[in-house]
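Asks:
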Amino acid sequence: MRNILTVLIAIALIATFAMAQGITVTGYGPKAQLNLANISGDNSDNNKIAVMFGVGGFLNVNIIPELDVQGEVLYNQKGCKVDVPGGETTTLAYLDVDVLAKYNIPMEGDIKPVIFAGPQIGFLLSASYGDQDIKDNLESLDYGLIFGAGVSIPAGDGSVLVDARYNLGLANMNKVGGSIYSNQNQVISISVGYAFK
Numbered sequence: 002m003r004n005i006l007t008v009l010i011a012i013a014l015i016a017t018f019a020m021a022q023g024i025t026v027t028g029y030g031p032k033a034q035l036n037l038a039n040i041s042g043d044n045s046d047n048n049k050i051a052v053m054f055g056v057g058g059f060l061n062v063n064i065i066p067e068l069d070v071q072g073e074v075l076y077n078q079k080g081c082k083v084d085v086p087g088g089e090t091t092t093l094a095y096l097d098v099d100v101l102a103k104y105n106i107p108m109e110g111d112i113k114p115v116i117f118a119g120p121q122i123g124f125l126l127s128a129s130y131g132d133q134d135i136k137d138n139l140e141s142l143d144y145g146l147i148f149g150a151g152v153s154i155p156a157g158d159g160s161v162l163v164d165a166r167y168n169l170g171l172a173n174m175n176k177v178g179g180s181i182y183s184n185q186n187q188v189i190s191i192s193v194g195y196a197f198k
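Residues in the sequence shown are numbered consecutively from 2, following the working numbering.
Structure, rendered in structure tokens:
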């Protein structure tokens, strides 16, 4: 809970600073997401999707009329289920920082579609396999690319944001045995947020 509050406070402070500097902030606010997480790579044949979650905040800045940059800070769970007798769920918690280029597709009407892509850097907060702590076996830094699409729907003084995204992990997460085995995070997410304007 402390991590979540810290993320939301940081987003609010950044938004306040950006507006004070005259930067065109087009939206900021909280978001939550459902993660369908898996781990790919070596010895991953028995890995199955695990349902995880993420929560945090975002700040959207306009660059040119149809192009925005959205920064996100999220507490994000990743991992997988291991489908073998006695297998457990691997749960990895990250503090993720995303920087997304968002193209606002010109269309008539109130609902505005967007497509986006950009890098993600993740800082490992905790890692477990069942009840076993495995954080020391994993790299503390993760990175990858995000691709997605969504819509903005007017609601009150702001808008509801709904999107679907794919997080392609590029870093080998293994610290122990990392020179032999290579594994990456892979996540499909559905997220909902509210943009204050």
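The beta-carbon is built from N, C-alpha and C at its ideal position, and this holds for glycine as well.
Skipping 5 residues on each side, what residues in its chain have a beta carbon closer than 7 Å to that of D143?
Replies: Cβ within range, chain order: Y95, G123, L125, G170, A172, M174, N186.
Asks: I'd like the list of long-range same chain contacts for D97, defined as Cβ closer than 6 Å, with 5 residues on each side in sequence excluded.
Replies: Excluding residues within five positions, the ones whose Cβ falls inside 6 Å are L75, N77, Q121, G123.
Asks: Kindly indicate which three-state DSSP category K136 falls into: helix, strand or coil?
Replies: Three-state DSSP puts K136 in a helix.
Asks: Do you know how far the Cα of G28 is from the Cα of G149?
Replies: Their backbone Cα atoms lie some 18 Å apart in a straight line.
Asks: Let me confirm a value: L146 is counted as buried when at least 16 other C-beta atoms fall within 10 Å, else exposed. Which label applies?
Replies: When all chains shown are included, L146 counts as exposed.
Asks: State the Cα-Cα distance for the pair Y104 and V62, rounded to the nearest angstrom.
Replies: Their Cα atoms are separated by approximately 12 Å.
Asks: So, is N36 buried or exposed, given that buried needs 16 or more other C-beta atoms within 10 angstroms?
Replies: So N36 counts as buried.
Asks: Quick check on this structure: which residue in D137, Q34, S180 has the alpha carbon closest to the alpha carbon of G58?
Replies: Answer by Cα proximity: Q34.
Asks: Report the rounded CA-to-CA distance for D69 versus A102, giving the unit in angstroms.
Replies: Their Cα atoms are separated by approximately 6 Å.
Asks: Given this structure, state the Cα-to-Cα distance separating K79 from F117, to the nearest angstrom.
Replies: Taking the straight line from one Cα to the other gives about 21 Å.
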